[in-house]
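Engineer: Protein chains in written order, with my numbering: chain A, 84 to 258; chain B, 3 to 518. This is the structure, below, for whatever I ask next.
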Amino acid sequence: MSSVKGKVGQHELEWLSAPHGKDGASQVKFADGTVWEVRWKKDAEGLWIELPHTVAGFDIGAEAQDEGSLTYRLRRRSSNEAAQGLSFLRAGAGEGVSAAGAKKKGVRVRAQMPGKIVRILVQPGAEVERGQPLLVMEAMKMENEIRASQAGKVVAVKVSEGQAVETGADLMNLE
Amino acid sequence: MSASSKRAPILIANRGEIAIRIARTAKALGFPTVALYSDADRFSEHVKYCDQAYYLGGSAPKDSYLNVEKVIAAAKASGAKYVHPGYGFLSERPHFVDACEKAGLIFVGPTAESMRSMGDKITARNTVQAAEVPGVPGSKGAVKNGAEAAEVAREIGYPILLKATAGGGGKGMRRVDSEAEIESAFEGASREALGAFGDGSMYVEKFILEPHHVEIQVFGDGKGGGVHLGERECSIQRRHQKVWEESPAPILEMYPKTREAMFEAALRVVKQVKYAGAGTLEFIVDGKGNFYFLEMNTRLQVEHPVTEWVTGVDLVAWQILLAAGEWKSPLIPERRGASIEVRVYAEDPQTFLPAPGALNLIRMPQGAFVRADAAFTEQGEVSVHYDPMIAKMSVWAPTRGEAIDRVRVALDETRVEPPKKPDGTQLGSLRTNLSFLRRLSRLPSVREGNTTTDLIARHTELTQDEVSGQCSREAAVALSLYQLLQEHEAVAGGDQPRGASGSPWALLARREGVRL
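See the structure below:
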């Protein structure tokens with residue numbers, strides 16, 4: 084099988100044969116010419132890998148970004164190392180679409196749980212700061228302020244006061 | 003044991019981890035156990051754990067666990083003699099104690115009378131004042147509106163706290179720093195209290211600086227006698243709800259005289275109200291070692307394992323034996339070493355908003371001096387109808403520093419995962435605070451014992467995104483590998499369906515076919 088070349092964060096790497104399967108082995112080559120033999124086994128939370136110098140387990144989960152791409156959240160088991168918003172970007176393909184949604188145009192504010200809209204605090208056209216309350220939602224008997232995750236302009240309010248919403252429902256669009 | 007055949011059943015009027023925890027001890031003592039369940043809990047662990055189970059009704063608490071008539075009817079139908087209320091739900095409702103008595107059932111807990119004397123916070127403050135226990139300066143009673151609250155605030159000085167008289171768990175509570183904020187804060191808190199407790203009345207309290215939340219566990223014999231079982235510090239809170247509880251209290255290590263004074267105060271209150279069973283007096287201790295009474299919880303607390311670790315006392319066993327007339331007042335238990343408990347919640351680890359949903363995998367920590375109390379042992383659903391706590395875990399060690407190390411390791415072992423789609427993204431809305439707790443266990447301020455109640459707010463690094471764009475070579479290998487495997491699986495239809503046509507050769511052919 085053919086090799087796959089790309090980048091994760093600051094690391095350029097090339098899989099000398101495209102990996103597949105729940106368990107298997109392949110080789111990965113870095114920009115400085117180092118080649119690592121890699122054996123792996125997938126498990127319920129991520130991956131177990133064997134490298135020439137160490138073995139390590141990683142909990143890995145994918146997260147869908149608003150523009151449809153996937154990034155990954157990862158934690159090395161029994162350690163402090165954690166990262167998120169990263170993905171393997173193939174060489175040549177979409178260099179501009181960097182991780183963590185750098186090209187993101189807008190933000191959709193969504194309901195994280197089922198509940199009821201108590202009050203709407205901003206109207207379309209309003210400029211909001213990061214952390215500013217956008218609306219008040221009642222869920223699990225608590226009033227929760229939903230705040231802006233970044234500064235921007237309110238383009239649309241998708242709900243009205245008193246409305247019941249389900250998890251994932253669009254509440255507001257920011258730009 | 004011959005005693006086991008003679009014991010009368012005990013009905014557990016609760017759900018989740020605490021129902022299981024109570025049933026464990028009841029079984030060990032030889033009491034048959036009766037569980038209750040709602041629609042949402044038909045297949046929950048606590049139902050499977052008990053000897054019998056009775057259906058109450060709909061998922062909403064008012065149709066099931068909060069419905070006195072239904073709970074009493076189930077108790078009678080089951081032949082139970084005792085009713086253990088756990089925490090939350092009916093555990094602090096005196097009218098439920100009355101109803102149990104009327105039905106000839108023994109309520110495992112204090113009398114309705116002592117519950118009433120501690121029931122709402124204003125009555126409680128008056129009760130403890132009679133025992134010469136100081137409270138936090140504040141309004142004499144409920145305040146009607148923002149203007150009245152402002153009047154009190156002018157007297158005692160800002161910042162102040164607005165609190166619901168019927169409140170608990172941080173619901174209906176607001177900090178107010180100036181008169182300008184007071185009107186809207188009053189409105190919001192009062193509406194929240196009305197929604198949560200059916201009572202929107204509010205009172206005012208002075209906001210204590212450098213506050214530590216410290217509570218004293220007591221156990222009374224109902225005749226004025228009793229013991230204390232040391233303190234717990236529960237200062238580390240988000241949204242005014244505890245996530246990390248420990249004993250001994252770091253702040254009291256600096257002020258041992260305060261500790262002794264608090265123990266004495268707690269025992270005076272036990273005597274004053276002739277308290278029966280397990281109870282907790284909550285205090286606020288400021289940075290200089292002054293302490294003020296906050297409220298008394300007339301029930302078992304979520305964080306009681308911390309006390310069980312340092313004293314070796316099974317508090318639920320004491321509760322049940324007292325109800326059965328078999329408890330003998332012991333000496334004040336000696337306390338050894340240090341214990342820490344952390345609570346795993348279904349919530350967003352950055353905003354702490356509840357995030358219940360389907361749960362696909364749970365793995366609790368193991369090992370020496372590690373205890374897990376979980377509501378789940380396998381797949382399940384964290385229901386939107388109830389408190390989103392999934393599990394709690396606690397550890398013991400000879401010193402606090404070693405206990406923190408054990409918590410860190412235990413948290414690294416713990417897994418609570420939602421189901422995943424084939425592309426690796428999660429299915430459903432479940433999130434947990436595990437990543438937050440892992441960071442908390444590594445925070446230098448925690449290790450230093452600098453545990454004021456605003457610790458989480460002070461340390462924004464606890465709730466920030468992981469730094470993006472940087473990772474180790476090993477992580478880069480793991481991540482690219484995982485992504486390529488997922489993508490390959492999506493294209494090839496996966497290694498899975500090992501069904502009728504699922505010979506490895508057929509799969510290989512299909513995979514290659516797709517590639518061509």
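We put the beta carbon where it would ideally sit given N, CA and C, even for glycine. On a predicted model such as this, the values are computed, not experimentally measured, just so you know.
1. From Thr250/A to Met225/A, what does the alpha carbon distance come to, in whole angstroms?
2. Which residues of chain A have a Cβ atom closer than 9 Å to the Cβ of Asp425/B, listed in chain order?
3. Hey, out of His215/B, Ser249/B, Asp350/B, Gly426/B, whose CA is closest to Gln488/B's CA?
4. I want to see whether chain B comes within less than 9 Å of Ile203/A, judged by CB atoms only; does it?
5. Just mark Glu94/B as buried or exposed, buried being the case when its beta carbon has 16 or more other beta carbons within 10 Å.
6. Which partner residues does Tyr205/B have in the DSSP bridge list?
7. Less than 9 Å between CB atoms is the rule here; does Asp48/A satisfy it with respect to chain B?
8. How many angstroms separate the CA atom of Lys276/B from the CA atom of Ala25/B?
9. At a Cβ threshold of 9 Å, is Ala252/A touching chain B?
10. Taking Lys146/B as the reference, which of Val138/B, Glu157/B, Ala191/B, Gly121/B has the closest Cα?
11. Between Ala340/B and the rest of its own chain, which residues show a CB-CB distance below 8 Å, the 5 nearest in sequence each way excluded?
12. With 7 Å as the C-beta to C-beta threshold (strictly closer), list the residues of the region 120-132 of chain A near chain B in chain order.
13. Which term fits Lys186/A, buried or exposed, when burial requires 16 or more other beta carbons within 10 angstroms of its beta carbon?
14. Whose Cβ in chain B lies nearer than 7 Å to the Cβ of Gly92/A?
15. Name the residue from Ala357/B, Gly291/B, Val272/B, Gly314/B whose alpha carbon lies nearest to the alpha carbon of Thr300/B.
16. For Val242/A and Leu429/B, I'd like the C-alpha separation in whole angstroms.
17. Can you tell me whether Gln219/B is helix, strand or coil according to DSSP?
18. Rounded to the nearest angstrom, what separates Ser396/B and Ala377/B at their Cα positions?
19. With a threshold of 6 Å on Cβ separation, who are the neighbours of Lys88/A within its own chain once the five nearest residues in sequence on each side are excluded?
20. State the Cα-Cα distance for the pair Ala152/B and Tyr347/B, rounded to the nearest angstrom.
21. Near Phe265/B, what residues of its chain come up, given a Cβ to Cβ distance below 7 Å and the 5 sequence neighbours on each side ignored?
22. Does the beta-carbon of Leu257/A have 16 or more other beta-carbons within 10 angstroms, so that it is buried, or is it exposed?
23. Taking Gln206/A and Val240/A to be in contact with their CB atoms under 8 Å, please state how far apart those CB atoms are, rounded to whole angstroms.
24. Distance cutoff 9 Å, beta carbons only. Does Pro351/B sit that close to anything in chain A?
25. DSSP puts Val418/B in a beta bridge; with which residues?
26. Are Glu383/B and Ala42/B touching if we call contact CB-CB under 9 Å?
27. Can you pull the chain B neighbours of Met255/A, defined as C-beta to C-beta under 8 Å?
28. Alpha carbon to alpha carbon, what distance is there between Ile200/A and Glu244/A?
29. When the distance is taken between beta carbons, is Val418/B closer than 9 Å to Leu436/B?
30. Would the region 110-127 of chain B count as touching the region 158-170 of chain B if we require 3 or more Cβ pairs under 8 Å?
31. So, is Ser66/B buried or exposed, given that buried needs 16 or more other C-beta atoms within 10 angstroms?
32. Using a Cβ cut-off of 7 Å, pull out every chain B residue sitting near Leu157/A, in sequence order please.
33. At 3 residues or longer, what runs of the beta strand (DSSP E) sit wholly inside the region 44-70 of chain B?
34. Considering only residues of the same chain and omitting the five flanking positions on each side of Ala21/B, which have a CB-CB separation below 7 Å?
35. As a quick exercise: from Thr27/B, Trp329/B, Gly369/B, pick the residue whose alpha carbon is nearest that of Lys225/B.
36. Can you name, in chain order, every residue of its own chain whose Cβ lies under 7 Å from the Cβ of Glu228/A, other than the five neighbours on each side?
Structural biologist: The answer reads as follows:
1. For Thr250/A and Met225/A, the gap between their C-alpha atoms comes out near 16 Å.
2. Result: Ala145, Ala147, Leu153.
3. Of the residues His215/B, Ser249/B, Asp350/B, Gly426/B, the one whose Cα lies closest to the Cα of Gln488/B is Gly426/B.
4. So no, Ile203/A is outside the interface.
5. Counting of Cβ neighbours within 10 angstroms places Glu94/B among the buried residues, the total reaching 16 or more.
6. Tyr205/B is bridged by DSSP to Lys165/B.
7. This structure gives no information on residue 48/A, because the portion of chain A shown stretches from 84 to 258.
8. Their backbone Cα atoms lie some 27 Å apart in a straight line.
9. So no, Ala252/A is outside the interface.
10. Looking at the Cα atoms, Ala191/B is the closest of the given residues.
11. Glu248, Ser249, Pro250, Val312, Trp398, Ala399, Pro400, Thr401, Arg402, Glu404, Ala405, listed in sequence order.
12. Per Cβ criterion, the list reads Val121, Trp123, Lys125, Ala127, Glu128, Gly129, Leu130, Ile132.
13. Annotation note: pLDDT 41 at Lys186/A (below 50); position unreliable, coordinate value reported separately. Around the beta carbon of Lys186/A, fewer than 16 other beta carbons sit within 10 angstroms, so the residue counts as exposed.
14. Going along chain B in sequence order, the residues near Gly92/A (Cβ under 7 Å) are Gly471, Gln472, Cys473, Ala478.
15. Nearest in C-alpha terms to Thr300/B, of all of Ala357/B, Gly291/B, Val272/B, Gly314/B, is Val272/B.
16. Computed Cα separation, rounded: 24 Å.
17. In the three-state reduction of the DSSP assignment, Gln219/B falls in the strand class, which pools E and B.
18. Spanning the two alpha carbons is a distance of roughly 15 Å.
19. If we look at Lys88/A and ignore the five residues flanking it on each side, its Cβ neighbours are Glu97, Ala174.
20. Straight-line spacing of the CA atoms in Ala152/B and Tyr347/B works out to 36 Å.
21. If you ignore the 5 residues before and after Phe265/B, its C-beta comes within less than 7 Å of the C-beta of Ile218, His230, all in its own chain and listed in chain order.
22. It is buried - the Cβ of Leu257/A has at least 16 other Cβ atoms within 10 Å.
23. Sure, about 7 Å apart at Cβ, within 8 Å.
24. Chain A contact via Cβ: absent.
25. Answer is Ile364/B, bridged to Val418/B.
26. Yes. Within cutoff.
27. Those within 8 Å of Met255/A in chain B number zero; the least Cβ separation is about 16 Å.
28. So the alpha carbons of these two residues sit roughly 5 Å apart.
29. Yes; because the gap between Cβ atoms is below 9 Å, this pair is in contact.
30. With the cut-off at 8 Å, the region 110-127 of chain B and the region 158-170 of chain B touch.
31. Ser66/B should be labelled buried.
32. Under the 7 Å cutoff, chain B gives Ala477, Ala480, Leu481.
33. Residue ranges of uninterrupted beta strand (DSSP E) with 3 or more members, entirely inside the region 44-70 of chain B and ordered along the chain, are 54-59.
34. Same-chain partners within the cutoff: Ile14, Ala37, His48, Gly88.
35. Out of Thr27/B, Trp329/B, Gly369/B, Trp329/B has the C-alpha closest to the C-alpha of Lys225/B.
36. Excluding residues within five positions, the ones whose Cβ falls inside 7 Å are Pro216, Val219.
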